[in-house]
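Residue numbers (numbering that gives the first Met the number 0): 0 to 210.
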Amino acid sequence: MNVLLVNGSPHASGCTYTALDEVAKTLNSEGIETQVFQIGVKPLAGCIACKTCAKTGRCTFSDRVNDFLDLAKDADGFIFGSPVHYAAATGAITSFMDRAFYTDLRSGRQSFYLKPAAGIVSARRAGTTATFDQLNKYFTLSEMPVISSRYWNMVHGATPEEVKKDLEGLQTMRVLARNMAWFLKCKEAGIKAGVPFPEKEEAIYTNFIRE
0 MNVLLVNGSP HASGCTYTAL DEVAKTLNSE GIETQVFQIG VKPLAGCIAC KTCAKTGRCT
60 FSDRVNDFLD LAKDADGFIF GSPVHYAAAT GAITSFMDRA FYTDLRSGRQ SFYLKPAAGI
120 VSARRAGTTA TFDQLNKYFT LSEMPVISSR YWNMVHGATP EEVKKDLEGL QTMRVLARNM
180 AWFLKCKEAG IKAGVPFPEK EEAIYTNFIR E
């Protein structure tokens, strides 16, 4: 089993990575493999709703989004991390997740369906819960079980060294990782026992404008 951890920070070894690394080390201790996917610093366009992905199975923009989707299909779980920028997730990870999740939906890839996910947030001081809520919306729209911890998934600090002093935040990351590992093992046991996936219904789209 493996979990893909997405670092939405422009800093490859910054505060968000420090939190993700605590999650990864704990997952590894539970026998779960991990891989950190760095979004990077190159510009990421937002989704333009061209629906090319519905025809080709890939986003029309050839960048880190398609690289991620190539890995996502084989991942068993996901952690998405973002620092707080103006009380919200970064522009980069917002564009990244908009396009990744839209491409998955429109292409029928089902890379995320019933796979557990969690968002983690780093901040110097505030804006964490708003960012946390923002990340979670992608998961609930994609029928992904959301893994929780004993507190909202956040760490505080302006530098990695300060984050390492946030003992409660780091503990929150470890509890999250153990809960993720437990869920993955339960899911695997259920599949082996023959428990079927839920019955799927054809999607119903209701618009609110009526003539």
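A virtual CB, placed ideally from N, CA and C, is assigned to each residue, including glycine. All figures in this text were calculated on a predicted structure; none of them were measured in a lab.
* Beta-bridge pairing of Val-145 - partner residues as DSSP gives them -> DSSP links Val-145 through a beta bridge to Ala-116.
* Among residues of its own chain, excluding the 5 on either side of Arg-123, which ones have a beta-carbon nearer than 6 Å to its beta-carbon? -> If we look at Arg-123 and ignore the five residues flanking it on each side, its Cβ neighbours are Ala-157.
* To do: Please go through the same chain and pick out, in chain order, the residues whose beta-carbon is closer than 7 Å to the beta-carbon of Leu-134, but skip the five residues on each side of it.
  => So the qualifying residues of the chain are Phe-79, Ser-81, Ala-88, Gly-118.
* **Beta-carbon proximity of Glu-21 to Met-172, cut-off 7 Å** => With a cutoff of 7 Å on beta-carbon distance, Glu-21 and Met-172 are scored as near each other.
* Asked: Would Pro-115 be called buried (16 or more neighbouring beta carbons within 10 Å of its own) or exposed?
  -> Its Cβ being crowded by 16 or more others within 10 Å, Pro-115 is buried.
* Is it right to say Asn-152 is buried, meaning 16 or more other beta carbons lie within 10 angstroms of its own, or is it exposed? -> Here Asn-152 is buried. Its C-beta has 16 or more other C-beta atoms within 10 Å.
* Which residue spans inside the segment 166 to 196 form an unbroken alpha helix (DSSP H) run of at least 4? -> Counting only runs of 4 or more residues that sit fully inside the segment 166 to 196, the alpha helix (DSSP H) segments are 166 to 191, in chain order.
* Asked: Is Ala-157 helix, strand or coil by DSSP?
  -> When secondary structure is reduced to three states using DSSP, Ala-157 falls in the coil class, being assigned neither helix nor strand.
* Report the three-state DSSP secondary structure of Leu-43 (helix, strand or coil). => In this structure, Leu-43 counts as coil in the three-state DSSP scheme.
* Endpoints, beta strand (DSSP E) assigned at Val-35 -> Start and end: 32 to 37.
* Please report how far the alpha carbon of Gly-193 lies from the alpha carbon of Leu-68, in whole angstroms. => Between Gly-193 and Leu-68, the alpha-carbon positions lie close to 28 Å from each other.
* In terms of residue numbering, what span does the alpha helix (DSSP H) encompassing Val-5 cover? -> Per DSSP, Val-5 belongs to no alpha helix (DSSP H); it is in the beta strand (DSSP E), 1 to 6.
* Between Arg-149 and Asp-132, what straight-line distance do the alpha-carbon atoms span, to the nearest angstrom? -> Asp-132 has its alpha-carbon roughly 16 Å from the corresponding atom of Arg-149.
* Can you name, in chain order, every residue of its own chain whose Cβ lies under 6 Å from the Cβ of Ser-121, other than the five neighbours on each side? -> Within the same chain, Ser-121 has close Cβ partners Cys-14, Thr-15, Ala-18, Pro-82, Val-154.
* Do you know how far the Cα of Glu-167 is from the Cα of Ala-48? -> Whole-angstrom Cα-Cα distance: 41 Å.
* Asked: Rounded C-beta distance between Lys-72 and Arg-108? I'm assuming under 8 Å.
  -> About 6 Å separates the two Cβ atoms, so the contact holds.
* Asked: Which residues in the same chain as Tyr-101 place their Cβ atom closer than 6 Å to its Cβ, once the five residues preceding and following it in sequence are excluded?
  -> Within the same chain, and ignoring the five residues on either side of Tyr-101 in sequence, the residues whose Cβ sits closer than 6 Å to its Cβ are Cys-46.
* Asked: In whole angstroms, what is the alpha-carbon distance linking Val-40 and Phe-207?
  -> One Cα belongs to Val-40, the other to Phe-207, and the distance between them is close to 39 Å.
* Tell me, which residues are paired with Gly-76 by DSSP? -> DSSP lists Val-2 as the beta-bridge partner residues of Gly-76.
* To do: Going by CA-CA distance only, name the one from Thr-55, Ile-38, Pro-42, Thr-51 that's closest to Asp-66.
  => In terms of CA proximity to Asp-66, Ile-38 leads the group Thr-55, Ile-38, Pro-42, Thr-51.
* **Distance between beta carbons of Ala-91 and Ala-129, contact taken as under 8 Å** => No, Ala-129 and Ala-91 are not in contact; Cβ-Cβ is about 17 Å, not under 8 Å.
* Bridge partner(s) assigned by DSSP for Ala-11 -> Its beta-bridge partners do not exist; DSSP assigns none.
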